[in-house]
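Protein chains in written order, with the numbering used here: chain A, 1459 to 1898; chain B, 1459 to 1898. Below is one structure, written out as C-alpha cells; comments come after it.
There are 2 protein chains.
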Amino acid sequence: MTLQARPLRLSTQSADFEARFRQRLHWSADTNAEIEQRVADILHAVQQEGDAAVLRFTERFDGLQAQSLQALELTQDELKAAFEGLPEAQRHALEFAAARIRSYHEAQKKAAGESWSYRDEDGTLLGQKVTPLDRVGIYVPGGKAAYPSSVLMNALPAHVAGVGEIIMVVPTPRGEKNPLVLAAAHVAGVSRAFTIGGAQAVAALAYGTESIPRVDKITGPGNAYVASAKKRVFGQVGIDMIAGPSEILVLADGSTPADWVAMDLFSQAEHDELAQSILLCPDAAYIEAVQEAIDRLLPSLPRAEIIAKSLNGRGALIHTCDMEEACAIANRIAPEHLEVSSREPHRWEPLLRHAGAIFLGAYTSESLGDYCAGPNHVLPTSGTARFSSPLGVLDFQKRSSIIEVSEAGAQKLGAIAHVLAEGEGLQAHGQAALLRLRKA
Amino acid sequence: MTLQARPLRLSTQSADFEARFRQRLHWSADTNAEIEQRVADILHAVQQEGDAAVLRFTERFDGLQAQSLQALELTQDELKAAFEGLPEAQRHALEFAAARIRSYHEAQKKAAGESWSYRDEDGTLLGQKVTPLDRVGIYVPGGKAAYPSSVLMNALPAHVAGVGEIIMVVPTPRGEKNPLVLAAAHVAGVSRAFTIGGAQAVAALAYGTESIPRVDKITGPGNAYVASAKKRVFGQVGIDMIAGPSEILVLADGSTPADWVAMDLFSQAEHDELAQSILLCPDAAYIEAVQEAIDRLLPSLPRAEIIAKSLNGRGALIHTCDMEEACAIANRIAPEHLEVSSREPHRWEPLLRHAGAIFLGAYTSESLGDYCAGPNHVLPTSGTARFSSPLGVLDFQKRSSIIEVSEAGAQKLGAIAHVLAEGEGLQAHGQAALLRLRKA
C-alpha cells in the first residue's frame, strides 16, 4: 500500500466551510486525571525527601541507577568533550547558530529590556528597573525528541538577559547521552547539567534538593508529565507556556515553487502526528500543484509515515477568495509559524495581527527560523499567539517600578491619594499621604 | 480591652533568627478541593449553556435577578452619570490619577513596547512586531473590597497598549452598585461593563456567551473562586498573576519620622488580616520609636482591628547589623512593596534586586504609588517578584518575530540548518532548507 498524504480540501465559498474549518482546527489539551495524580505524588515526594526521591524516580522511570545525585551531574569537561567529539560541520553549525541567536536576542534586550526613568515637573522620579532572574532551569527532553536546537533557544536568551546561573536537566534513559545536546549545552554556556528528567526533575528545580539548587523559573518543552508538573509548580517558580502540537500556516499567492511549500508543510508535519500544517491560497491551480508536489516528495522522506498521518488527520489546503481573506483567516487561527510565501510579503504583513513568528517571502522557510535565523523557535501554539509571545530576553528578566516622590510632589499627590483612599475606606492609606503634607 | 499591635521582634544576631524568620514569612495558597470542584462545575455550565447559566449563578450567588444579560449591562450613559454624580474632589482625584497613570504607561510603551527590526549584512530582515491584544476582560471585585483604583490600574495600561475592546465585569450583590467604580470605568474608557462576578464571569469572558464576547486575556483580582477560575481557563485565554495577600517591607535607616513609617506599615496591614508588614532597620532605638508610634496611632484608625490582627499575626520588626544586611534580607523576601526610607535611598537601591515596586526616600509613601504616582499598583506578591513584574503595557501586547531571509542569506543559513536538522533526524526541515540553495 502506498503512503498517501491528502490534507483536507476546503473552500471558503462552500456552505459548510465554517463548520468543517472549525472542526479541523479543534484541539484540546487532554488533562488525564491519572497523570495528574501521579505527578502530584512525585512532586510531594521530592519536596519531602529531596535527592533520595529524585534518585528513586530516575531509577524507576529512566532505568538509570546512581548512588548519589553527584553521579548524575555532567561536568563542564564532559560537555566540552562532547562538543569536541563532534564532526567539524556540526561544531561549526552549532557555533554559527548560537552566534545568530545571541545577536538577535541582544538586539531584543537593547530594544525592550533596559531600565528607564524620567523626572516629572516636581522632580519626582518614575521609572522601571530591569533585572535578570538569579537562576533558571531548562528542561531538555531526552529520547527521540532530544533537540540540541532547543538547548540553544532556551539557554541563550537567559544568558543574554544576564541570568546568573542556568541549570539544565535532561533525562538519559538507561544512561544514553545525546552528544549533540551535551555539545549544545557547552556552546550555550549552561552552568550546571543533571541527567534527570520527568516530573521529578521539575520538582527538584522548583523546590531545590540537597544537590540541586532551587531556580526562579523553569522553561523548556516536555511530555505530559513534565507539562503537568510545570503547571503545578507555577507560582512557586515562573514557567514558560505549556506547548501544544506544532503548527504551520502558509499563506501563498502562488509565486513560490510548489515543492518548497510542500516541503515546508512537511517540516511541521514530521514533528508529530498531531502537528498541523495548513495552506491558504486564492489560486486553485496552485493548490493542485502543491498536492501534486506532496504526492511526489513524500516517499523520499524517512518520516513519511508521521507526515502522512499528520496531514491526513489535521492538515488542510484551503482555497480562499483572495489574499485579504487568507490574512483574515490567519488571524483567526493565530498560528505558531506563519509563512507569507508571496511576491509581496510586505503588502500582507501589516494585515497579520496574531502569530508566533512571521516568515516573509519564498526564501524564508520555517526551518531556517527553527535553527539559525536568530529569533527564538519557542513560540506560542494552539491559538495562544492571540495573547502570548515568543520566548525571549523579557522572559528571563523582571521589572520593578521605581518611584521617588519629591517633597513638592508629595503635596500634590498626597491630596489626591487622600481623597481616593477615603473613597475606598482605607484610612491608613489616606493618613500616610496626609502625614507627608507640609503643615499649612 | 485595648487593641494592641505587636509585630514580632527579631534580631538577625539571635541564634534562632533563621527559623523564626522563615516561619513568619511562610504563606501558602490553600487549594480547597471543594472550591475547585464547584468552580469546575460553574465553568462547564457556562461553556455549555452560555447566558442562561450566567444568569442562574448571578441570581444564586449575588441575589440579583434579571430576565436577560442585556439587563445586566451597564451603559456608557450610566457610567458617565455615576462620574457626574460624584463630589468635585472625587471627580478631580480620579481624573488626576488617571492622567498620571496614563502618562507613566505611555513612557513604558515607548521604552519597551514598540516594534523594531534590523537587516544583517546579507539583507536578511530580523525583528519583532508588537501588537495589542484585540479584547481583554477586567475583573473588578464587588462588595467591601471594591476598589476604583484597580479599575484605573487594569484598564489604563490596556488602553495605552492599544487594546481594541476592554470588557469590565463587576458583581453587584443584590444590585448594589459602587458609584466610584462605575465612575472609574468611565474615566478609564472601559468599552463595555456587566454586573456579573465570580467564576461565572470569568467563564463568560474566557469562552464567550450569546451576550458576552470572548476575550483574549483576563486581569484583575478576585476571591478564591475567581482565582481558581482564572487558573482553570489559563491557556484558553491569558491571565495575569494570581495574587496572594499584600505585603510591605520598609528598609529604614532611622532618618524618617517614626510616625510616617508606622502609618506605612498600617497601610498594608489594613487591607487584610493576612497582609504582611515588615520593618528592617539597623537602629534599635528607632525600632522602639516605631513600636511606640504604632501604639499611639493605632486607636485613631477605623480599621484598627484588622491592622492589629495583621501585625500580630504576620508583622515583624527586624533589627539588622547594618543597611547592607537589610538589603540582602529584602532580596530574600522579594516583597511586593519595598520602601527605602533612608536619607540615601540611591545608595541602597542598586543592592535591591527583587521587588514589585521600590519606593525611594521618606516622602514616597506606598499609598502614593497605590493611587496616583503613575506606576501600576498590581504587583507580584508572595516572593514572585523573583521572576515576575508589575502589570503594565507589556501584558496587553504580544510580540511576533519577523524574519525575511534574503536569497543570499538563504544560502548561508540553509547550509547550517541542513546540518542541524539532519543531526536531529528531521529530514524535511533539512530538505526545506536545501531546496532554497542555488544549484552549484
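All C-beta atoms, glycine included, are put in the ideal place defined by N, C-alpha and C.
Item, Value
"If B/ASP1509 sits next to B/SER1669, beta carbons under 8 Å apart, how far is it from one beta carbon to the other, in whole angstroms?", "5 Å"
"I think A/ILE1706 touches A/ALA1463, with their Cβ atoms under 8 Å apart; what is that distance to the nearest whole Å?", "With 8 Å as the limit, A/ILE1706 and A/ALA1463 do not qualify as a contact, their Cβ atoms being about 14 Å apart."
"Considering only residues of the same chain and omitting the five flanking positions on each side of A/ARG1772, which have a CB-CB separation below 6 Å?", "GLN1734"
"Below 7 Å on C-beta distance, what does B/VAL1877 contact in chain A?", "ALA1547, GLN1548 and ALA1551"
"May I have the straight-line CA-CA distance separating B/LEU1709 from B/SER1725, to the nearest angstrom?", "16 Å"
"Do the CB positions of B/ILE1776 and B/LEU1738 come within less than 7 Å of each other?", "yes"
"Starting from the beta carbon of A/CYS1830, find every residue of chain B whose beta carbon is closer than 8 Å, and list them in chain order.", "LEU1871, ILE1874, ALA1875 and LEU1878"
"In this structure, does DSSP put A/LEU1818 in helix, strand or coil?", "strand"
"Sorted by chain position, which residues of the same chain lie with C-beta nearer than 6 Å to B/LEU1527's C-beta, five sequence neighbours on each side aside?", "ASP1509 and SER1669"
"Does the beta-carbon of B/TYR1576 have 16 or more other beta-carbons within 10 angstroms, so that it is buried, or is it exposed?", "exposed"
"Assuming B/LEU1878 contacts A/ALA1551 (C-beta within less than 8 Å), just tell me the rounded distance between them.", "5 Å"
"Three or more C-beta pairs closer than 8 Å, one from the stretch 1606-1618 of chain A and one from the stretch 1636-1646 of chain A: is that the case here?", "yes"
"Which residues in the same chain have their Cβ closer than 7 Å to the Cβ of B/GLU1546, if we skip the five residues on either side of it in sequence?", "none"
"For B/PRO1606, go through chain A and note every residue whose CB falls closer than 8 Å to its CB, in chain order.", "LEU1878, GLY1881 and GLU1882"
"The alpha helix (DSSP H) that contains A/TYR1576, what's its start and end?", "Element bounds for A/TYR1576: not the alpha helix (DSSP H) but the beta strand (DSSP E), 1574-1577."
"What does a CB cutoff of less than 8 Å around A/LEU1468 pick up in its chain, not counting 5 residues either side in sequence?", "PHE1475, ARG1478, PHE1479, ARG1482, ALA1774, LEU1775, ILE1776 and HIS1777"
"So what's B/LEU1732 in DSSP terms, helix, strand or just coil?", "coil"
"Distance check for B/LEU1796 and A/TYR1597, CA to CA, integer angstroms please.", "33 Å"
"So, does the CB of A/MET1626 fall closer than 7 Å to a CB anywhere in chain B?", "no"
"Any C-beta of chain A sitting closer than 7 Å to the C-beta of B/MET1611?", "no"
"Would you mind sorting A/HIS1729 into buried or exposed? The rule is 16 or more other CB atoms within 10 Å of its CB.", "buried"
"Quick one: list the residues of chain B neighbouring A/ASN1834, beta-carbon separation under 8 Å, in chain order.", "SER1859"
"Against chain B, with Cβ distances strictly below 7 Å, would A/GLN1889 count as a contact?", "yes"
"Determine the direct distance from the alpha carbon of B/LEU1759 to that of A/ARG1672, and round the result to whole angstroms.", "42 Å"
"Is the shortest distance between the beta-carbon of B/PHE1724 and the beta-carbons of chain A less than 7 Å?", "yes"
"Using 8 Å as the threshold, is the stretch 1654-1662 of chain A in touch with the stretch 1567-1585 of chain A, meaning 3 or more CB pairs across them?", "no"
"Between which two residues does the beta strand (DSSP E) harbouring A/TYR1597 extend?", "1593-1597"
"Note down, in chain order, each residue of its chain lying with its Cβ closer than 7 Å to the Cβ of A/GLY1712, except the 5 sequence neighbours on either side.", "CYS1739, ASP1741 and TYR1744"
"According to a CB-to-CB cut-off of less than 8 Å, which residues of the stretch 1676-1698 of chain B neighbour chain A?", "GLY1693, VAL1695 and GLY1696"
"Would a C-beta distance cut-off of 7 Å place A/THR1839 and A/ALA1701 closer than the cut-off?", "yes"
"Could you tell me how far apart the beta carbons of A/GLN1525 and A/GLU1517 are, in whole angstroms, since I believe they sit closer than 8 Å?", "No, A/GLN1525 and A/GLU1517 are not in contact; Cβ-Cβ is about 11 Å, not under 8 Å."
"By the 10 Å Cβ neighbour count, where 16 or more other Cβ atoms means buried, how is A/ARG1896 classified, buried or exposed?", "exposed"
"Thinking C-beta only, is A/SER1859 closer than 7 Å to B/PRO1833?", "yes"
"Please report the straight-line C-alpha distance between A/GLU1824 and B/GLU1553, rounded to a whole angstrom.", "48 Å"
"So what does DSSP say about B/ILE1654, is it helix, strand or coil?", "coil"
"Could you tell me which whole beta strand (DSSP E) segments of length 3 or greater appear in the stretch 1767-1792 of chain A?", "1774-1777"
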